[in-house]
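> Shown below is the structure under consideration.
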Amino acid sequence: MAQLIDGKAVAARVRAEVKAEVDRLKAERGITPGLAVVRVGEDPASQVYVGGKKKAAAEVGFNSWEHHRDASITQDELLALVRQLNDDPAVHGILVQLPLPKHIDADAIISAVKPEKDADGFHPMNAGNLLLGRPATRACTPYGIMRLLEEIGCDPAGKRAVVVGRSNIVGKPMALMLLQKNATVTIAHSKSDVRREVEGADIVVVAVGVKELVKGEWIKPGAVVIDVGMNRLPDGKLVGDVEFAKAAERASYITPVPGGVGPMTIAMLIRNTLEAAERGVK
Ligand code: NAP
C-alpha cells in the first residue's frame, strides 16, 4: 500500500521557511516582499485561488495587493496596469490570474510582466532559461512537485519518468525539471498510448484534467505517482486524473486529491516572490 504524500504539510513547511527568511530580510535589509495579484472579471474559481494566494502572502508577512478589474477592461488598460506594477519598487512578484477574458491576449499580458517579477514563472524568458538549464523563476506547480519528490527522498536520476499532459504551465516545465535532475523523461499527450508509457514508469506525473484517466492497474509496482488533476464532480467532490484507490495499491508513494499538489502551487508562488525580493528586484 502506498504512502500518502502530504502536500498540505509540506506546503506549511515551505511557508514557515519563507516566513523565517522574510523576518530576516525585514530585519537585516529593511525589505518587505510584495506580491501584486491581478484578477479580471468574476470567474468564481479565480476568486478562490486569489483568496488562497492573498492568505498565504499575509501569513508569511508579505505586503500584498489585489488589483481587481472588470471583465470589460481593454488589453491596453491591462497592459498599462502590468507596466505600473513592473515599475513599482514595492512589488517584487506579479501574478496575473488566468484565465483572462477572451478579448484579452493572455500571452501578450504574460510577456509584458517584467521577467524578474514573474512570480508564476510563465514568462517566455523564464521558460526559455529553464529549457537552457540556466537560473530561472520556475513554474510553481512543477517546482512544488520537485519539492515533494525531494521530501520523500525520491531522486529522479536514472529513473524513467512519464509526464502525461504537455501544457506550458505544468507538463512541459515538469518534464524539463525532471530532465534537469537526470530522469529519462517521456511526455505523453492526447495522441499517445498513455497506458504503454505509464506501465514502464518509475515516476508518473499526470496533468490532464480528465477524471481518473490513468488506471490503477497501469501503475508499475513501487512507482511514485503525482496527480495534478483537479476535476470537480457534480456533487462538489474533487477528484484527480488518477484512479486513486487502485493506484495506491501498487504505488510506493502517491499524492491525494485534494491535499497533494494543490497546496504546493501557492507555497512555491510565495517562495518565488521571496526569491525575487532577495535578489533586490525593483
Ligand atoms: P491543459 O492546458 O488543459 O492541458 C491538458 C493536457 O492534457 C494537454 O497536453 C492534452 O494533450 C492532455 N490530454 C488531454 N486529454 C488527454 C488524454 N485523453 N490522454 C492523454 N493526454 C490528454 O492542462 P493544465 O493546465 O496542465 O491542467 C491539467 C490539470 O491539472 C487540470 O485538471 C488542472 O485543473 C490541474 N491543475 C492543477 C494545478 C494544481 O495546483 N493542483 C495547477 C495547474 C493545473 P494535447 O496537448 O495533445 O491536447
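Per my numbering, the sequence shown starts with residue 755, numbered consecutively.
A virtual CB, placed ideally from N, CA and C, is assigned to each residue, including glycine.
Return yes when the C-beta of G815 is under 6 Å from any heavy atom of ligand 1, and no when it is not.
Checking the Cβ of G815 against ligand 1 gives no.
> Near G983, what residues of its chain come up, given a Cβ to Cβ distance below 8 Å and the 5 sequence neighbours on each side ignored?
Cβ neighbours of G983 beyond the five flanking positions: V960, A961, V962, G963, V964, K965, L967, V993, G994, D995, V996, V1011.
> Can you tell which of K773, G795, P798, D797 has the C-alpha that lies nearest to the C-alpha of T786?
Considering only alpha carbons, the answer is K773.
> Here's the rule: buried if 16 or more other CB atoms are within 10 angstroms of the residue's CB, otherwise exposed. What is L886?
Burial call: exposed.
> Would you kindly check if the distance between the Cβ of T891 and the Cβ of N1026 is under 7 Å?
It is a contact, given that the beta carbons lie within the stated cut-off.
> What I want to know is whether the C-beta of M900 ends up closer than 6 Å to one or more non-hydrogen atoms of ligand 1.
Outside the cutoff, so no.
> D981 and T1009 look like a contact to me (Cβ under 8 Å); what is the Cβ gap, rounded to whole Å?
5 Å between Cβ atoms; contact.
> Could you name the residues that DSSP lists as bridge partners for V918?
DSSP lists A942, V960 as partners of V918.
> Could you tell me which uninterrupted beta strand (DSSP E) segments, each at least 3 residues in length, are contained entirely in the segment 970–1009, listed from first to last along the chain?
Within the segment 970–1009, the complete beta strand (DSSP E) runs of at least 3 residues are 978–981.
> Where do the N-terminal and C-terminal ends of the alpha helix (DSSP H) with I848 fall, by residue?
From DSSP, I848 is part of no alpha helix (DSSP H) but of the beta strand (DSSP E) over 847–850.
> Please give the ranges of any alpha helix (DSSP H) in the segment 755–842, keeping only runs that are unbroken, at least 4 residues long and fully inside the region.
Complete alpha helix (DSSP H) runs here, min 4: 761–783, 798–813, 829–840.
> Go ahead and label A1001 buried or exposed: buried means 16 or more other beta carbons lie within 10 angstroms of its beta carbon, across all protein chains shown.
Label assigned to A1001: buried.
> Could you tell me whether the Cβ atoms of E775 and V1035 are closer together than 7 Å?
Their beta carbons are not under 7 Å apart, which means E775 does not touch V1035 by this criterion.
> Compute the Euclidean distance between the alpha carbons of A790 and S865, then round it to the nearest angstrom.
Taking the straight line joining both Cα atoms gives about 16 Å.
> Leaving aside the five residues before and after G1050 along the sequence, list all residues of the same chain whose C-beta is less than 7 Å from its C-beta, in chain order.
With the chain covering 755 to 1036 only, the question about residue 1050 has no answer from this structure.
> Identify every residue that forms a DSSP beta bridge with D872.
Answer is I848.
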